[in-house]
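Since the structure comes first, as structure tokens, the remarks are kept for the end.
Residue numbers (my numbering): 0 to 138.
Here's what the structure looks like:
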């Protein structure tokens, strides 16, 4: 899966992996640069692991596009998923007006109960359907 075209939806359980991207709003390209786990003793004892997802966003269109991630949800292999609210400071780095040919890379950090599963990203334009999803590899 090299990427999804504008308007295409991902099926349940499917997510982008590092190196893959998706096109939103006809000209806005979101690419997954990196997905990394950072194991810490206290969180490992609690059964959770922090994850960092690094995304790059690029506008190749003619007009500026306002891109803002409004919500992040986690669908994992466990029945009681951990809250997936990212650090607000990290979210601000992925919320801005993109002018043509402009790009930005930002991080989203979240905590999951168990590696694996899919993290869905919602935007203002996507409404109730996820704009795109990122697959978290198992450890």
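By construction, the Cβ of each residue, glycine as well, lies at the ideal position given by its N, Cα and C atoms.
Taking the beta carbon of residue i as the centre, do at least 16 other beta carbons fall within 10 Å, making it buried, or is it exposed?
i	result
residue 78	Because the pLDDT of residue 78 is 41, which lies under 50, any placement of that residue in the model is unreliable, and the question is left without a value.
residue 102	exposed
residue 100	exposed
residue 18	exposed
residue 98	exposed
residue 126	exposed
According to the Cβ coordinates, are residue i and residue j closer than 8 Å?
i	j	result
residue 120	residue 71	yes
residue 55	residue 122	no
residue 16	residue 31	yes
residue 36	residue 137	no
residue 89	residue 107	yes
When the Cα of residue i is compared with those of the options, which residue comes out closest?
i	options	result
residue 134	117, 125, 126 and 74	117
residue 69	93, 98, 58 and 57	93
residue 57	38, 20 and 106	20
residue 73	42, 124, 125 and 115	115
So residue i packs on residue j, CB below 8 Å; how close in whole Å?
i	j	result
residue 104	residue 53	6 Å
Legend entry - Cβ contact check for the segment 104-116 and the segment 43-58: 3 or more pairs under 8 Å: yes
Legend entry - the segment 14-29 / the segment 55-64 touching (three or more Cβ pairs under 8 Å): yes
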